[in-house]
Structures are given as C-alpha cells and as structure tokens.
Amino acid sequence: MAKIAAKGSTKSRHYWLFKSEPGAYSIDDLVRDGTTTWDGVRNFQARNLLRDEIRIGDRVLFYHSNVEPMAIVGTMEVTKAAYGDPTARDKKHDHYDPKSTVETPIWYMVDVRLRKRFENPVTRDMLKDCSDLSEMVVLEKGSRLSIQPVTGEEWRAIHALAGEKPD
DNA sequence: GCCAACGTTGGC
DNA sequence: GCCAACGTTGGC
Numbered sequence: 002m003a004k005i006a007a008k009g010s011t012k013s014r015h016y017w018l019f020k021s022e023p024g025a026y027s028i029d030d031l032v033r034d035g036t037t038t039w040d041g042v043r044n045f046q047a048r049n050l051l052r053d054e055i056r057i058g059d060r061v062l063f064y065h066s067n068v069e070p071m072a073i074v075g076t077m078e079v080t081k082a083a084y085g086d087p088t089a090r091d092k093k094h095d096h097y098d099p100k101s102t103v104e105t106p107i108w109y110m111v112d113v114r115l116r117k118r119f120e121n122p123v124t125r126d127m128l129k130d131c132s133d134l135s136e137m138v139v140l141e142k143g144s145r146l147s148i149q150p151v152t153g154e155e156w157r158a159i160h161a162l163a164g165e166k167p168d
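Here's what the structure looks like:
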C-alpha cells in the first residue's frame with residue numbers, strides 16, 4: 002500500500018473520499034444533520050488513515066456505495082480529528098468490538114460537516130470515463146477501502162465534472 | 001442475487 | 001509464521 006501512504010502524506014491540504022451506503026447514512030442525512038460523527042470504521046487500513054493522517058480542515062468527498070447510481074454526491078470538511086469510536090464499546094451496536102476500551106479504543110472516528118451537496122452527482126461511470134481519474138482508489142478492482150486518499154488534481158477534476166467550484 | 005476480492009481469525 | 005476457512009464488501 003505504498004501508493005496510499007505516499008498519497009496520504011503530502012504536506013499540502015489533504016483530500017479524502019469516504020464511502021457510505023446510503024441505507025446506513027446518506028448525503029440527505031448529512032444535509033439534515035449538518036454535522037456527524039463518521040463512526041463504524043472497522044478496517045485497520047482505514048483506521049490508520051483516520052487516526053494518523055486526517056486533520057481538521059481536510060476536505061472529503063462523500064461517495065454513495067452499493068446503490069444505483071453509485072456516485073460522489075457532495076463534499077465535507079473534517080471538524081474534529083480522530084478520537085475513540087464509542088460505538089465499539091456499545092454491546093448493542095452492530096460494530097461492537099469487545100476488545101475496545103476507553104484507554105485503548107482500537108477504533109477511531111472523526112467529525113465532519115457538510116460543505117456542499119452536488120446538484121449533479123458525479124457518477125461512478127463518469128469517474129471511469131475521465132482519464133484524469135483513472136488512478137482513483139475507488140475505481141481499483143476489488144478496492145474495499147472505505148476511507149481513501151484523493152489527490153488535489155482528482156479533487157479539482159471531480160469538481161469540474163460536477164460543475165462546481167473547488168473549495 | 002451473484003460472486004470475486006479482500007481482511008481477519010484461529011488452528012497448527 | 002503460515003494459510004485455510006470464514007465473513008464481509010461492494011461492483012456488476
């Protein structure tokens with residue numbers, strides 16, 4: 002995963018893509034809530050990005066997975082850096098992990114705020130058709146990473162496809 | 001609904 | 001430390 006580490010460790014502003022199945026949490030939910038905790042991440046590679054790389058002010062693409070149409074549906078901003086995910090200590094929660102404690106949370110989350118819901122979502126097909134985006138992690142065959150680095154070039158190209166000004 | 005690709009677990 | 005078995009993800 003050297004490529005991911007390299008992408009995630011630049012000095013300039015960091016850009017990311019967070020996946021969510023809209024049945025679990027959608028852009029509409031975020032429009033309603035304004036801000037949310039990005040909890041439930043239970044993959045070590047994604048956890049490491051959350052805990053070690055993602056900072057306040059970083060920009061995030063919101064991606065709807067596993068639905069028709071799969072698409073980037075808006076942007077978010079990180080408003081709180083990583084802290085222990087309390088859902089890991091909630092026995093009744095789907096993502097309960099008995100190994101998680103207050104002292105050693107194992108799993109982390111960040112807070113995010115909606116910046117923009119795209120009036121015209123950028124569908125997966127549009128991403129695939131854009132030569133500037135052929136390296137995107139989300140397009141890699143078999144990629145299951147739910148927290149992914151995005152380059153500044155990709156960020157700008159996606160905004161161009163959405164007809165939005167990059168911010 | 002299918003199933004390939006992937007990450008994790010646990011026996012050895 | 002290996003790797004088979006298992007469960008999950010997520011595009012198709």
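Sequential numbering from 2 applies to the first sequence in this note's numbering. Ideal Cβ positions, reconstructed from N, Cα and C, are used throughout, including at glycine.
field: Local conformation of Trp39 per DSSP, three classes
entry: Position 38 of the first sequence, counted from the start, is the residue given in the question as residue 39. Looking at Trp39 - three-state DSSP - the assignment turns out to be coil, as it is neither helix nor strand.
(request) Consult DSSP for Glu154 and reduce its assignment to one of helix, strand or coil. (result) Sequence index remark: in the first sequence, residue 154 carries index 153 (1-based). If DSSP states are grouped into helix, strand and coil, Glu154 belongs with the helices.
Report task. Count the other C-beta atoms from every protein chain shown that fall within 10 angstroms of the C-beta of Val68, then say buried if there are 16 or more, exposed otherwise. Result -> Indexing the first sequence from 1 puts residue 68 at position 67. Val68 is exposed by the Cβ-count criterion.
- Message: Between the alpha carbons of His15 and Asn121, how many angstroms are there, rounded?
- Response: By one-based count along the first sequence, residue 15 stands at place 14. By one-based count along the first sequence, residue 121 stands at place 120. The alpha-carbon atoms of His15 and Asn121 are separated by roughly 24 Å.
Review point. Smallest Cα separation from Glu165: which of Ser144, Leu62, Ile148 and Pro70?
Key: Against the first sequence, residue 165 aligns to sequence position 164. Ranking the options by Cα distance to Glu165, first place goes to Leu62.
task = May I ask you to list the residues that DSSP assigns as paired with Thr88?
result = As a first step, residue 88 must be located in the first sequence, where it is residue number 87. Paired residue(s): none; Thr88 is not in a bridge.
- Item | Whole-number beta carbon distance between Arg118 and Gly153, since they are thought to touch under 8 Å | Along the first sequence, read from residue 1 onward, the residue named residue 153 stands at position 152. Along the first sequence, read from residue 1 onward, the residue named residue 118 stands at position 117. Gly153 to Arg118, Cβ: 22 Å. No contact.
- Task: Answer yes or no: do Arg60 and Trp17 have a C-beta to C-beta separation smaller than 9 Å?
- Result: Position 59 of the first sequence, counting from 1, holds the residue named residue 60. Position 16 of the first sequence, counting from 1, holds the residue named residue 17. For Arg60 and Trp17, yes; Cβs fall inside 9 Å.
* **Ile73, buried or exposed, once every other Cβ within 10 Å from all chains shown has been counted against 16** => Your numbering for residue 73 matches position 72 in the first sequence. So Ile73 counts as buried.
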